[in-house]
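Quick mapping for you: the protein sequence lines, in order, are chains A and U. According to numbering that gives the first Met the number 0, the first sequence is numbered sequentially starting from 0. According to numbering that gives the first Met the number 0, the second sequence is numbered sequentially starting from 0. Don't be surprised by glycine CBs; every beta carbon is placed ideally from N, CA and C. Report on the structure given below.
2 protein chains.
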Amino acid sequence: MNEEAPRTPEEAPPAVDADTMVGISPEIVARIRGAVEAGSLDRVEEIAQELHAADFADLLQELTPEERRLVIAVARHVIDPETLNHLDDAMRTEVIELMGPREFAQAVTELETDDAVEILGDLDEDDTRRILEAMPAEDRAVLEQGLTYPEDSAGRLMQRDLVALPRHWTVGEAIDYLRAKDDLPKDFYDLFIVDPMHKPIGQVPLSRAIRNRRTVKLTDIMDVEFRAIPAEMDQESAAHLFRQYGIVSAPVVDESGRLLGVITVDDVVHVIEEEAEEDLLGIVGVSETDFHAPVGETAWRRVRWLVVTLCNSAIAATVISQFEATIEQIVALAVLMPIVAAMGGNAGVQVITVTIRALATRDLQPRGSAVRRLILKELLVGAINGIVFAAIVGTVAGFWFGSAALGAVLAGAMIFNMVWAGMAGTIIPITLARLGIDPATGAGPFLTTTTDVLGFFSFLGLATLFLL
Amino acid sequence: MNEEAPRTPEEAPPAVDADTMVGISPEIVARIRGAVEAGSLDRVEEIAQELHAADFADLLQELTPEERRLVIAVARHVIDPETLNHLDDAMRTEVIELMGPREFAQAVTELETDDAVEILGDLDEDDTRRILEAMPAEDRAVLEQGLTYPEDSAGRLMQRDLVALPRHWTVGEAIDYLRAKDDLPKDFYDLFIVDPMHKPIGQVPLSRAIRNRRTVKLTDIMDVEFRAIPAEMDQESAAHLFRQYGIVSAPVVDESGRLLGVITVDDVVHVIEEEAEEDLLGIVGVSETDFHAPVGETAWRRVRWLVVTLCNSAIAATVISQFEATIEQIVALAVLMPIVAAMGGNAGVQVITVTIRALATRDLQPRGSAVRRLILKELLVGAINGIVFAAIVGTVAGFWFGSAALGAVLAGAMIFNMVWAGMAGTIIPITLARLGIDPATGAGPFLTTTTDVLGFFSFLGLATLFLL
Chain A
0 MNEEAPRTPE
10 EAPPAVDADT
20 MVGISPEIVA
30 RIRGAVEAGS
40 LDRVEEIAQE
50 LHAADFADLL
60 QELTPEERRL
70 VIAVARHVID
80 PETLNHLDDA
90 MRTEVIELMG
100 PREFAQAVTE
110 LETDDAVEIL
120 GDLDEDDTRR
130 ILEAMPAEDR
140 AVLEQGLTYP
150 EDSAGRLMQR
160 DLVALPRHWT
170 VGEAIDYLRA
180 KDDLPKDFYD
190 LFIVDPMHKP
200 IGQVPLSRAI
210 RNRRTVKLTD
220 IMDVEFRAIP
230 AEMDQESAAH
240 LFRQYGIVSA
250 PVVDESGRLL
260 GVITVDDVVH
270 VIEEEAEEDL
280 LGIVGVSETD
290 FHAPVGETAW
300 RRVRWLVVTL
310 CNSAIAATVI
320 SQFEATIEQI
330 VALAVLMPIV
340 AAMGGNAGVQ
350 VITVTIRALA
360 TRDLQPRGSA
370 VRRLILKELL
380 VGAINGIVFA
390 AIVGTVAGFW
400 FGSAALGAVL
410 AGAMIFNMVW
420 AGMAGTIIPI
430 TLARLGIDPA
440 TGAGPFLTTT
450 TDVLGFFSFL
460 GLATLFLL
Chain U
0 MNEEAPRTPE
10 EAPPAVDADT
20 MVGISPEIVA
30 RIRGAVEAGS
40 LDRVEEIAQE
50 LHAADFADLL
60 QELTPEERRL
70 VIAVARHVID
80 PETLNHLDDA
90 MRTEVIELMG
100 PREFAQAVTE
110 LETDDAVEIL
120 GDLDEDDTRR
130 ILEAMPAEDR
140 AVLEQGLTYP
150 EDSAGRLMQR
160 DLVALPRHWT
170 VGEAIDYLRA
180 KDDLPKDFYD
190 LFIVDPMHKP
200 IGQVPLSRAI
210 RNRRTVKLTD
220 IMDVEFRAIP
230 AEMDQESAAH
240 LFRQYGIVSA
250 PVVDESGRLL
260 GVITVDDVVH
270 VIEEEAEEDL
280 LGIVGVSETD
290 FHAPVGETAW
300 RRVRWLVVTL
310 CNSAIAATVI
320 SQFEATIEQI
330 VALAVLMPIV
340 AAMGGNAGVQ
350 VITVTIRALA
360 TRDLQPRGSA
370 VRRLILKELL
380 VGAINGIVFA
390 AIVGTVAGFW
400 FGSAALGAVL
410 AGAMIFNMVW
420 AGMAGTIIPI
430 TLARLGIDPA
440 TGAGPFLTTT
450 TDVLGFFSFL
460 GLATLFLL
């Protein structure tokens, strides 16, 4: 790194193309494919070594299983261990098997503790034990301790390496210490000041430490309003803390308040993204993204929600079958009934989505004072849109089938179903949240079952009462 | 800040309750409500002043409009300007009106440039001009320049204050400069090294600067593999760059490569979250979260997607109406047809969601080599699950209505619809992405229209051919 970048003012600016700056370019994929086909293994190894871990992970995911096998066989000694963190679960399992336990254990010990713990936590118990046994005792102890924290807790997110300094030190002493010590974390953003019991009493952002004179005491410039995160805290709550208060790094403490580790914002970025994605996937009924999973596994993972859908529509079919005699006399009902169900379902999914996101971002507390106001609001929104659309649809249907009564029945059922959608769309997720169940999982299909069933029932029921 | 935190080892650890650590507690809401009701305005001001900006924003959102008006009237001189950034759009407009233009302009000048530009960019042009005119010329110039970058671009995200140092400096010179200078950003994580044309040639993480001796040259320890972000780059691409490479802060450059500003990871956290949320809301048909919007506005915002739903179901109804004669003879068709539509729709939404997320996270390139593989995979998944569920449902329906032929027709239509769902669920979003249209918007409703129409058509059509 001793040479300066040979850029001169005359040099043309780099091409500005967003997509080529991020991720793996088709050219690199083509280059490695070419090298694989030509059997030039040195070339494969060379390309693999040049890539950033995240890009190498993307590359592996782009390749076919056969190509992947060869690339890993060739490059396994030079793979950046961080590659493992950038692979998704299905792909990581495949890569771990291709690497073999020895290389894999070696790679894991080179990772930061939070990354290593995350990977081990995803393996099954036997594999985890085998990998841990292949490691030096010291590394093993740290990782075993990390694995004792519950899944998705702050303890799992935290990095053990940090800079903790005694309260009586000055800026100068801190700088001298940092210059002399060589097993510090690669990057850090805050100095943590601890008392003799190793409890954090404040933190000093690096930019503040570097701007103060050597004689200044750390306790004079530290933030005492920092937020210590309990290791047992749920990772989503920890992420929310970072987002709410714009935190870059925060200390993690045990039950007695002693400093255990540090969580940095880059760990939190993934949690926040996962959280929003889980809401999305939960509402539509995909348990986790199965983009890289093989065909059989993907089909199997989606079965659960298809079974739910099947049960839902079987219930709806049963409701319809109660009105077979009515439909036989007025076939127009069969033509119009999907409209009632679809409008209620769509309106309800809109409500439930807004409610679930408000719960996830803590804009809505499940037991807060805003709950009643929200339910009332959504009832009103449902009623307003229900009346407007019912008037339109009822009129059109009345003319279409030449029956004002049919139009009125359709309008009545539609208003009823859309008011219900507003109410159910708020009450279902809030109730799930109060019971401690993740409202994103299952609320969507459960809601549309109710709007289907009530839509068919109210429309066909009203028709039986008034049109026969 | 001269006194040490008075914590002793005997002191009990702080209570560990995740929910009370984040956001505004019901007790504070109750306290401010009490103060408002009792008319003790000093108390209101005091509570408002104590709160973190993010918490104060949450508080405002919890209050009724009348309470909010009073709290802002009382506290408008002591409100932390950052509060504005934590409010959502609807609420911010309300608060800005309550504050009045003078106080608002004053608050905006106190914000960091990226935050100020974000708020001004959301206002309409007249308001923006009025606010800008109420500012000192220097602040105005910086903000006006920020507003020239396109919405949702990296230029809008960037902070103008940064630390840029010449290439010949040493660590010691940098530290002396930082200690002497007083208009530096409040927090910074990297030192940017620039050439005489003010183009960035490397960056030094603060933790590395502080660990090196005073005599070390900055160019000897700088990262030259940093990623300079063009100001015109789309903010989603910039966010993806941060996420992919674990960046904490990155320089933003103009077309000729000169350093303009810096983007830090905390800005990116919001972009990443917004991006995932937009996907979610787009798929279910809510244009943006309307949690805090008033009833009338919420109803209006949802109309667009209800109209889409209505058109979709009207098309489906038209298809059904072509088969009235068939349904009149076999009413069981009306009972069973929602099952075919629901299974296809659900399977399709699963596929489309996975595809949209893969596009958003750049796991899938719209023109990449993985496209054909994905379509083939989803076709297979649809066929497998289609055959399995068709066998079950066909058998049950056959026994229920005592007609093997009816069961076979149902099974055939279901397989056809689920294979279609797999194909359409991949092809629709990929095509939209290729055309440069955000695949999250509209793909969901468009897909379910096709599964409804094809579901009804294939089921009723097969029934007409084989059962009459």
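Rounded distance between the beta-carbons of residue j and residue i, thought under 8 Å
| i | j | result |
| --- | --- | --- |
| U/Val392 | U/Ile338 | 6 Å |
| U/Leu466 | A/Met342 | Not quite, the Cβ-Cβ distance comes to about 30 Å (not below 8 Å), so this is no contact. |
| A/Met157 | A/Ile262 | 5 Å |
| U/Pro444 | U/Val307 | 5 Å |
| A/Leu146 | A/Gly120 | 6 Å |
| U/Pro250 | U/Gln202 | 7 Å |
| U/Val268 | A/Ile95 | About 30 Å separates the two Cβ atoms, so there is no contact after all. |
| A/Glu93 | U/Arg356 | At roughly 20 Å, the Cβ-Cβ gap does not stay under 8 Å, so A/Glu93 and U/Arg356 are not in contact. |
Rounded straight-line distance, which links the Cα of residue j to that of residue i
| i | j | result |
| --- | --- | --- |
| U/Thr447 | U/Glu377 | 16 Å |
| A/Ala34 | A/Ala53 | 21 Å |
| A/Ile289 | A/Val452 | Looking at the sequence itself, residue 289 of chain A is Asp, so the reference to Ile does not match. The alpha-carbon atoms of A/Asp289 and A/Val452 are separated by roughly 31 Å. |
| U/Glu44 | A/Met221 | 27 Å |
| A/Val162 | A/Phe187 | 8 Å |
| A/Thr297 | A/Gly347 | 28 Å |
| U/Lys216 | A/Ala173 | 21 Å |
| U/Leu258 | U/Met134 | 26 Å |
| U/Ala390 | A/Ser248 | 55 Å |
| A/Asp57 | A/Phe455 | 48 Å |
| U/Asp233 | A/Thr218 | 42 Å |
| A/Leu69 | A/Gly421 | 55 Å |
| A/Leu305 | A/Asp278 | 18 Å |
| A/Tyr176 | U/Ala208 | 14 Å |
| A/Arg495 | A/Ile429 | Not covered by the structure: residue 495 of chain A. The range shown for chain A is 0 to 467. |
| U/Ala230 | A/Glu111 | 33 Å |
| U/Gly281 | A/Ile192 | 46 Å |
| U/Ile319 | U/Val283 | 25 Å |
| U/Val264 | U/Ser39 | 41 Å |
| A/Leu332 | A/Ser402 | 12 Å |
Cut-off 7 Å between Cβ atoms - residues of its own chain near residue i, not counting five sequence neighbours on either side
| i | result |
| --- | --- |
| A/Asp194 | Arg166, Ile200 |
| A/Asp503 | What the structure shows of chain A is the stretch from 0 to 467, and residue 503 of chain A is not part of that stretch, so it cannot be assessed. |
| A/Leu131 | Arg139, Leu142, Glu143 |
| A/Ile386 | Ile414 |
| U/Ala396 | Leu335, Leu405, Gly406, Leu409 |
| U/Ala369 | Leu363 |
| A/Thr463 | Phe322, Thr325 |
| U/Asp266 | Asp113, Leu156 |
| A/Thr425 | Val350, Thr354, Leu373, Ile374, Glu377 |
| A/Thr394 | Gly406 |
Beta-bridge pairing of residue i - partner residues as DSSP gives them
| i | result |
| --- | --- |
| A/Thr263 | A/Ser248 |
| U/Ser152 | U/Asp233 |
| A/Ile228 | A/Val251 |
| A/Ala163 | A/Phe191 |
| A/Gly454 | Looking at the DSSP assignment, A/Gly454 forms no beta bridge with any residue, so it has no partner. |
Own chain residues within Cβ distance below 6 Å of residue i, not counting five before or after
| i | result |
| --- | --- |
| U/Thr449 | Ala423 |
| A/Gly411 | Leu461 |
| A/Asp87 | His291 |
| A/Asp114 | Asn84 |
| U/Phe225 | Gln202 |
CB contact below 8 Å: residue i versus chain C
| i | result |
| --- | --- |
| U/Thr112 | Given the protein chain composition of this structure (A and U), no chain C is represented. |
Own chain, CB closer than 8 Å to residue i, minus 5 neighbours either side, in chain order
| i | result |
| --- | --- |
| A/Gln48 | Ala74, Val77 |
| A/Val28 | Leu58, Glu61, Leu62 |
| U/His197 | Ala163, Arg257, Leu258 |
| A/Leu240 | Arg226, Ile228, Ile246, Ala249 |
| A/Arg178 | none |
What runs of the beta strand (DSSP E), each 3 residues or longer, lie entirely inside the stretch 269-323 of chain A? Complete beta strand (DSSP E) runs here, min 3: none at all.
Start-end ranges of the alpha helix (DSSP H) lying completely within the stretch 352-421 of chain U, minimum 4 residues: If only uninterrupted alpha helix (DSSP H) runs of at least 4 residues are considered, those enclosed by the stretch 352-421 of chain U are 369-399.
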